[in-house]
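In our numbering, the protein residues as written are 451 to 920.
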Amino acid sequence: MPPTSPASLTFLGAAGTVTGSKNLVTVGARRILVDAGMFQGEKKWRVRNWADFEVAPDTIGDIVLTHAHMDHCGYLPALVRQGFDGPVWCTEGTRLLAEIVLRDAGYLAERDAVDAARGGWSRHNPPLPIYTGADVERALPLLTPVEVDADADLGDGVTLRFTRAGHILGSASVTLDTGASSVLFSGDLGRHDHPVLRPLGTPPGAAYVVVESTYGDREHPDPLGMPHEAFADAIRRAVARGGSVLVPAFAVDRVEVVLRALTQLREDGRIPTVPIYVNSPMASAALAVYRRSVSELRPDLDINDFFRISDLVEIHSAEESMALTSGRRRGSSIILTSSGMLNGGRVLHHLERMLPDARNAVVLTGFQAAGTRGRALADGATELKMHGHYVPVRAEIVRDDEFSVHADASDLLDWLRALDPAPATVLVNHGEPEASEALAARIRRELGLTAVVPAHGERVVLPDPGRAED
Ligand SMILES: [Zn+2]
Numbered sequence: 451m452p453p454t455s456p457a458s459l460t461f462l463g464a465a466g467t468v469t470g471s472k473n474l475v476t477v478g479a480r481r482i483l484v485d486a487g488m489f490q491g492e493k494k495w496r497v498r499n500w501a502d503f504e505v506a507p508d509t510i511g512d513i514v515l516t517h518a519h520m521d522h523c524g525y526l527p528a529l530v531r532q533g534f535d536g537p538v539w540c541t542e543g544t545r546l547l548a549e550i551v552l553r554d555a556g557y558l559a560e561r562d563a564v565d566a567a568r569g570g571w572s573r574h575n576p577p578l579p580i581y582t583g584a585d586v587e588r589a590l591p592l593l594t595p596v597e598v599d600a601d602a603d604l605g606d607g608v609t610l611r612f613t614r615a616g617h618i619l620g621s622a623s624v625t626l627d628t629g630a631s632s633v634l635f636s637g638d639l640g641r642h643d644h645p646v647l648r649p650l651g652t653p654p655g656a657a658y659v660v661v662e663s664t665y666g667d668r669e670h671p672d673p674l675g676m677p678h679e680a681f682a683d684a685i686r687r688a689v690a691r692g693g694s695v696l697v698p699a700f701a702v703d704r705v706e707v708v709l710r711a712l713t714q715l716r717e718d719g720r721i722p723t724v725p726i727y728v729n730s731p732m733a734s735a736a737l738a739v740y741r742r743s744v745s746e747l748r749p750d751l752d753i754n755d756f757f758r759i760s761d762l763v764e765i766h767s768a769e770e771s772m773a774l775t776s777g778r779r780r781g782s783s784i785i786l787t788s789s790g791m792l793n794g795g796r797v798l799h800h801l802e803r804m805l806p807d808a809r810n811a812v813v814l815t816g817f818q819a820a821g822t823r824g825r826a827l828a829d830g831a832t833e834l835k836m837h838g839h840y841v842p843v844r845a846e847i848v849r850d851d852e853f854s855v856h857a858d859a860s861d862l863l864d865w866l867r868a869l870d871p872a873p874a875t876v877l878v879n880h881g882e883p884e885a886s887e888a889l890a891a892r893i894r895r896e897l898g899l900t901a902v903v904p905a906h907g908e909r910v911v912l913p914d915p916g917r918a919e920d
């Protein structure tokens with residue numbers, strides 16, 4: 451490797467938007483991609499999922515994953531399909547969850563292609579899936595777990611170090627030391643007090659720091675009074691009416707956090723004891739990973755209290771799922787199901803049956819993107835279209851915004867402030883443009899650091915900061 455060629459960093463996703471995280475680090479002839487995320491949301495970004503990748507995937511030596519959310523790992527099988535076959539460095543928790551998330555993504559991608567063929571709306575004839583289940587099975591063996599809080603030698607003088615990020619199980623920030631310089635990627639950062647996971651750590655400082663800005667322009671409100679009171683109150687009222695409570699939740703991490711909250715609400719006598727169901731095969735699979743990853747859970751969490759809610763029932767078959775809200779079942783219950791934004795999955799048949807009955811309640815537990823059924827309900831829709839027909843909304847709709855597992859602007863500043871040494875340059879990505887700009891302004895003003903918001907495709911040279919002085 452010629453020692454004269456400086457390392458560089460190129461932003462190939464999550465620059466100008468919150469999804470599609472992909473950052474290319476080049477050290478001499480070595481190319482390392484940090485995160486391989488799928489673009490989601492607006493069409494102008496999603497179309498990039500189908501385009502050829504900007505860098506020939508067979509020239510990328512390594513991929514590093516910060517965590518197992520689709521917008522950070524979902525593009526990996528597409529890169530494998532296009533020729534990538536190197537190691538994919540990640541934590542053990544990320545490996546376990548990525549298996550679940552990517553297998554589900556492969557299944558959905560193939561199903562979407564079939565639907566497009568039937569509907570005739572694909573540009574391709576026949577419609578092509580972005581990748582297949584077979585591509586996923588070729589990608590999974592590439593996942594190579596390494597220890598958290600320890601240096602891993604990637605060769606060519608490059609070392610990698612993961613530090614816990616407290617966002618979902620296995621999530622980590624990653625420091626790449628290239629010999630001449632160092633660069634730290636925050637990945638998605640959790641709040642300072644995740645209800646289930648060990649807290650986020652402080653990574654070793656680096657000359658260049660790439661920080662996320664999902665909530666770069668927002669602060670989470672302090673809960674007024676008792677935690678999750680809106681949720682508790684909705685359960686009490688629905689049960690008093692003889693109704694049931696539907697809780698759509700993201701299958702990975704959110705179901706665990708909701709179960710933890712329900713356990714505490716019960717222990718504190720704030721909700722009546724009614725059966726609790728987890729009705730999502732993906733959520734059950736993720737729950738099994740959380741159950742056996744005890745070393746990643748909060749030390750003060752009693753695993754028995756957390757997971758053995760006395761009458762917690764996991765629903766597996768589609769028949770059992772249908773029976774849950776069939777009308778033959780008597781008595782109130784709480785049903786956790788996916789998807790979190792109500793755009794597909796088992797939640798739909800529960801909504802069809804539960805929304806028309808004013809005794810029931812639906813509790814929304816996460817961010818509801820524009821255009822989703824979840825957003826429509828949050829905005830007060832009086833009917834909702836499902837399976838081609840309209841269903842009246844008479845059930846009570848409640849939002850519990852205390853479930854966010856993303857750092858807010860103050861959490862992000864605290865994380866940056868703790869870095870030693872302080873960064874020479876902070877690169878703000880993974881946010882809507884206003885959020886990224888707002889965070890960059892606060893970093894300049896409150897921390898006195900150089901902070902910029904890179905554009906998609908922008909390349910930044912990472913010279914040795916020592917040499918840059920002279
Ligand atoms: Zn994430």
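C-beta: ideal position from N, C-alpha, C; glycine also.
Note that the segment 719–735 does not touch the segment 635–652; fewer than 3 beta-carbon pairs, one per stretch, sit closer than 8 angstroms. By the criterion of a C-beta distance shorter than 6 angstroms, LEU709 is surrounded by no residue of its chain, once the five residues flanking it on both sides are discounted. Cβ neighbours of VAL538 within its own chain (closer than 7 angstroms, five residues either side excluded): ILE513, LEU515, LEU526, LEU592, LEU593, THR594.
SER455 is not bridged by DSSP to any residue. Under the Cβ criterion (8 angstroms, minimum of three pairs), the segment 578–587 does not count as touching the segment 598–614. Here ALA808 is exposed, its C-beta having fewer than 16 other C-beta atoms within 10 Å.
One residue after another in chain order, those with a Cβ under 5 angstroms from a heavy atom of ligand 1 are HIS519, ASP638. Under the three-state reduction of DSSP output, PRO731 falls in the helix class. When C-beta atoms of the segment 663–683 are compared with those of the segment 763–779, fewer than three pairs fall below 8 angstroms, so the two segments do not count as touching.
Sequence-distant partners of GLU560 (beyond 5 residues in either direction) whose C-beta falls short of 7 angstroms from its own C-beta, in its chain, are PRO579, THR582, GLY583.
In this structure, the CA atom of LEU798 is about 26 angstroms from the CA atom of TYR740. Closest option to VAL702, judged by alpha-carbon separation, among VAL551, ASP829, THR628: VAL551.
Collapsing the DSSP output to three states places PRO883 in a helix.
Here the C-alpha atom of LYS835 lies approximately 13 angstroms from the C-alpha atom of HIS800.
Between PRO653 and THR625, the CB-CB gap stays under 8 angstroms. ASN879 sits away from PHE612, with the two beta carbons spaced by 8 angstroms or more.
For GLU770, the number of other beta carbons within 10 angstroms of its own is below 16, and it is reported as exposed.
With a cut-off of 8 angstroms on Cβ pairs, the segment 876–896 is not in contact with the segment 688–699, counting fewer than three such pairs. Here ASP502 is not near THR469, since their CB atoms are 8 angstroms or more apart. Distance from the CA of GLN490 to the CA of ALA738, rounded to the nearest whole angstrom, comes to 27 angstroms. Look at the beta carbons and you see the segment 846–866 touching the segment 812–822: at least three pairs across the two are nearer than 8 angstroms. If the five residues before and after TRP495 are omitted, its C-beta is found closer than 7 angstroms to the C-beta atoms of THR467, THR469, GLY470, PHE489, all from its own chain and listed in chain order. For the pair GLN818 and LEU792, the Cα-to-Cα distance works out to about 9 angstroms. Boundaries of the alpha helix (DSSP H) around HIS800: 797–804. Nearest to LEU634 by C-alpha distance, out of PRO904, LEU459, ASP562, PRO842, is LEU459. Here GLU669 carries a coil assignment [DSSP, helix/strand/coil]. Within its own chain, the residues whose Cβ lies closer than 6 angstroms to the Cβ of GLY543, once the five positions on either side in sequence are excluded, are LEU619, GLY620, SER743, GLU746, listed in chain order.
Every unbroken stretch of the beta strand (DSSP E) spanning 3 or more residues and falling wholly within the segment 640–711 is given here in chain order: 658–662, 695–698. For GLU587, the enclosing alpha helix (DSSP H) covers residues 583–589. If you compare the alpha carbons of THR832, MET772, ARG894, MET732 with that of GLY790, the shortest gap goes to MET732.
Taking the Cα of GLU597 as reference, the smallest distance to any Cα among ASP914, ARG545, ILE721 is reached at ARG545. In this structure, LEU610 keeps its C-beta atom at 8 angstroms or more from the C-beta atom of TRP865.
DSSP places SER771 inside the alpha helix (DSSP H), whose first and last residues are 768–774. With 16 or more other Cβ atoms inside 10 Å of its own Cβ, MET804 counts as buried.
Just measuring C-alpha positions, the residue of ALA736, THR723, HIS670 sitting nearest ALA518 is ALA736.
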